[in-house]
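To start, the structure under review is shown below, and the notes come after it.
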Amino acid sequence: MAVWTRPGTAYLLELAGRCNDLDFAPAISITNMMGRVSARFDDVIVLGGPRGIRIPCRIQAIRPLDVKALKTSEKELREAKVEERARPQDGDGR
11 MAVWTRPGTA YLLELAGRCN DLDFAPAISI TNMMGRVSAR FDDVIVLGGP
61 RGIRIPCRIQ AIRPLDVKAL KTSEKELREA KVEERARPQD GDGR
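Position 27 (the sequence shown) corresponds to 37 in our numbering; numbering is contiguous.
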């Protein structure tokens, strides 16, 4: 899962195993020790899930994301989609 800590700073959290209800979670909590999150020691906890059970999901690895590259890729993808929709489908201008 990707977590943004500031607008220009994000991390990829690799979780150990499946994390129940994460796909539908309205909120999450991340455990920490004195404001520092550590792989293999801290967890992601799903809040407000449909089951109401809070099972911690262990953080296996933490990797920084290249936010500039992500934004550039998103922009290129949006531009490609706009260009694709602007072209006529059957070649007769409709």
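Just so you know, even glycine gets a beta-carbon here, dropped at the ideal spot from N, CA and C. Bear in mind that the values here come from a model prediction, so they are computed numbers and not experimental data.
Please classify residue i: does DSSP put it in a helix, a strand, or coil?
i, result
"Arg16", "strand"
"Arg88", "helix"
"Asp79", "Checking the sequence, you will find Ala at residue 79 rather than Asp. It is helical."
With which residues is residue i paired in a DSSP beta bridge?
i, result
"Ile38", "Val56"
"Pro74", "Tyr21"
"Cys67", "Val54"
"Arg46", "Met43"
Classify residue i as buried or exposed, calling it buried when 16 or more other Cβ atoms lie within 10 Å of its own Cβ.
i, result
"Leu23", "buried"
"Asp33", "exposed"
"Ile65", "exposed"
"Asp53", "buried"
"Ile63", "exposed"
Would you please state the rounded distance, in angstroms, between the beta carbons of residue i and residue j? I believe it to be under 8 Å.
i, j, result
"Ile72", "Val56", "Between Val56 and Ile72 the Cβ distance is about 18 Å, and since that is not below 8 Å, they are no contact."
"Gly58", "Ala35", "7 Å"
"Tyr21", "Leu87", "Not confirmed; about 22 Å, so no contact."
Exercise. Just checking, does the stretch 79-92 make contact with the stretch 40-47 on the three C-beta pairs under 8 Å criterion?
Worked result: With the cut-off at 8 Å, the stretch 79-92 and the stretch 40-47 do not touch.
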